[in-house]
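Below is one structure, written out as structure tokens; comments come after it.
Numbering (this note's numbering), first residue to last: 554 to 1184.
Here it is in structure tokens:
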């Protein structure tokens, strides 16, 4: 996202209390006490890793002559033991620019591999490629190739930064050539450089109107119909080159609503071309909706870009770390992404206030400084390692992960208040729990400071989190013998006890809001009879229709009997949440959280097309359901 388009928040007011700081301690005021239950049976996604894009810092730092300083930066970011342990890298496939242009910011003028029609430069972009190779040597195992613009000569403006007034810039006659360019770059890296991209992303924040000619960075606007067509052309091109197994990612909206708007505008051909939904999380809150779209369409899901820089230039400001931590927690927990990628881990000193984990000079003296964000990121990336499972914790200030390979439980706690928060962490649902927890804190005066270990008694952990802090707790020897009721990656039919051939369906297979939920004969070819179950932190479920990517909903949040259920876009409200209880006879009740009424066939009439409504639960057969896995 373009830095000069983002609002920079003012610094928070300083506390009026005079603080006396000691090593690894900060002032404590009023304490809040809460009990939090960690629930390993409520499994969310398997998390694959943390990362950063390489533009523009890879281009700039990759050219440093001071190899010692360069190595220090690389170790700080990618070394698992001494650094952040980032394992995801987004490589910026440059479009090049008109060689007469001089408007790009330092590092942002990236060499393209096809500087003119029919001419290839297979040795281009040496500096960014060098950084990529060094990152891989330190443990990066997921590499995404992403492009912000086609080669400049394919554009209307002849400029890689965008078009006049931020309008569309890729000429229609060059769609196939641009797709071929990306495919050839993929093959170049695979065959010549020994690097296989995990995925290719062809567009970047396409809805944004800020991609203007002579801007300071690459960019290209695409209307929805242009995005739709480009994804299909790209998919066809990759297929024709024997690259059908390459993951295509998009649409890279600059915020949740833009990503969802693009996706919902695509036809089935474009949607089937995309294997992984990428979203930038600068704005928006439609996390449940985007997660529902991804699950119902069997797509991978990633936050491919976010960056923050609260306040004026200050390497030690805690506010940016706290905002970063809050965004990470919500994106990883609520959106349930498989990877989370920061925009630029290294930013140019003095150019962008507090953005970035490291500030470095992109020209002049080759030196750098570490910012407070670096340590806030480390509270997550150093401890929640790839292949950890995100699990339930009934507190929105926490992100909890269980690594089943190492039996480590990680609890990251955010306290962005001015008071100490105290918690009783209930670990009783685990089969085994270690005897103590290690603790690491980042605050205004601490940088991932290791605190004294905390004893665990009777599977209970007592913690105090300091004001304005991020604290990570790690417990060893943690195992669970519990299994989820529903597999989040599987699809189910909901079958009624009155007739095992009758299932919950959507009238006429409609994908629209307010469509009727009805009972119908089982039809294995009907996607509207297929449902997924998305669990929350307390074991309640959102029930999403696969065909529509929308929720089973009680309209108007009614609490009355005989109200017929409908289909509605995910909003996270209680009238879309359901408690599922085993009745002990092979069937289950489905009770709405908001109304406390049971899902059933209206009046017990099992004729096809009859509505599914809510009613007081009486254990009638028409209120009893079983779940049949769809192969």
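For every residue, glycine included, the Cβ atom is placed at its ideal position computed from N, Cα and C. Remember, it's a predicted structure, so these values are computed and weren't measured experimentally.
With DSSP as the reference, label residue i as helix, strand or coil.
i, result
"residue 725", "helix"
"residue 888", "helix"
"residue 686", "helix"
"residue 786", "helix"
"residue 743", "helix"
"residue 872", "helix"
"residue 776", "coil"
"residue 824", "helix"
"residue 1179", "strand"
"residue 791", "helix"
"residue 1141", "strand"
"residue 1161", "coil"
"residue 767", "coil"
"residue 1187", "This structure gives no information on residue 1187, because the portion of the chain shown stretches from 554 to 1184."
"residue 1108", "helix"
"residue 717", "helix"
"residue 816", "helix"
"residue 849", "helix"
"residue 1168", "strand"
"residue 733", "helix"
"residue 1184", "coil"
"residue 796", "coil"
"residue 1118", "coil"
"residue 667", "coil"
"residue 882", "helix"
"residue 1174", "helix"
"residue 1136", "coil"
"residue 894", "strand"
"residue 701", "coil"
"residue 583", "Annotation note: pLDDT 45 at residue 583 (below 50); position unreliable, no value reported."
"residue 672", "strand"
If I'm right that residue i touches residue j with Cβ under 8 Å, what's the distance once you round it to whole angstroms?
i, j, result
"residue 1000", "residue 921", "In fact, because the Cβ distance is near 15 Å, the residues do not count as touching under 8 Å."
"residue 619", "residue 902", "Not really, about 15 Å apart at Cβ, beyond 8 Å."
"residue 600", "residue 934", "At roughly 11 Å, the Cβ-Cβ gap does not stay under 8 Å, so residue 600 and residue 934 are not in contact."
"residue 1059", "residue 1100", "7 Å"
"residue 697", "residue 644", "7 Å"
"residue 819", "residue 781", "5 Å"
"residue 1185", "residue 1150", "Given that the chain is displayed from residue 554 to residue 1184, the structure contains no residue 1185 and the question cannot be resolved."
"residue 1055", "residue 1072", "5 Å"
"residue 1019", "residue 973", "6 Å"
"residue 1035", "residue 594", "4 Å"
Any beta carbon from chain E within less than 7 Å of residue i's own beta carbon?
i, result
"residue 876", "Within the model displayed, chain E is absent; a lone protein chain is all it includes."
Do residue i and residue j have their CB atoms nearer than 7 Å?
i, j, result
"residue 538", "residue 710", "Because the chain here runs from 554 to 1184, residue 538 falls outside it and cannot be looked at."
"residue 1023", "residue 1123", "no"
"residue 602", "residue 1037", "no"
"residue 957", "residue 986", "no"
"residue 1021", "residue 1182", "no"
"residue 648", "residue 705", "yes"
"residue 738", "residue 695", "no"
"residue 1025", "residue 1086", "no"
"residue 762", "residue 719", "yes"
"residue 615", "residue 684", "yes"
"residue 1098", "residue 1084", "yes"
"residue 955", "residue 990", "no"
"residue 997", "residue 881", "no"
"residue 857", "residue 894", "yes"
"residue 607", "residue 681", "yes"
"residue 1050", "residue 589", "no"
At 4 residues or longer, and completely inside the stretch 899-935: list those alpha helix (DSSP H) runs for me, N to C. 925-934
Give, in chain order, every unbroken run of the beta strand (DSSP E) that is at least 3 residues long and sits entirely within the stretch 945-1014. 951-956, 961-968, 973-979 and 989-995
Please give the ranges of any alpha helix (DSSP H) in the stretch 585-661, keeping only runs that are unbroken, at least 4 residues long and fully inside the region. 610-614 and 620-631
Would you say the stretch 1131-1148 touches the stretch 853-867, given that touching needs at least three Cβ pairs under 8 Å? No, because fewer than three Cβ pairs between the stretch 1131-1148 and the stretch 853-867 fall closer than 8 Å, the two stretches do not touch.
Tell me, please, whether the stretch 975-993 touches the stretch 906-913 by the rule of three or more beta-carbon pairs shorter than 8 Å. No, the stretch 975-993 is not in contact with the stretch 906-913.
Of all the beta strand (DSSP E) runs that stay within the bounds of the stretch 1068-1105, which reach a length of 3 or more residues? 1070-1074, 1084-1088 and 1094-1098
For the stretch 1015-1070, list the beta strand (DSSP E) runs that are entirely contained and at least 3 residues long, ordered along the chain. 1022-1028, 1044-1049 and 1052-1059
Across the stretch 790-807 and the stretch 878-896, are there enough close Cβ pairs to call them in contact, namely three or more that are closer than 8 Å? Because the criterion of three Cβ pairs below 8 Å is not met, the stretch 790-807 and the stretch 878-896 do not touch.
Between the stretch 817-827 and the stretch 1111-1119, do at least 3 Cβ pairs fall closer than 8 Å? no
contact_flag[the stretch 722-732, the stretch 674-691] where n(CB pairs < 8 Å) is 3 or more: no
The stretch 784-804 in contact with the stretch 742-762 per 3-pair CB rule at 8 Å: yes
The stretch 1083-1100 in contact with the stretch 1117-1131 per 3-pair CB rule at 8 Å: In short, these stretches touch, since the Cβ pair count reaches three.
Do three or more CB pairs link the stretch 850-857 to the stretch 867-877 at distances below 8 Å? no
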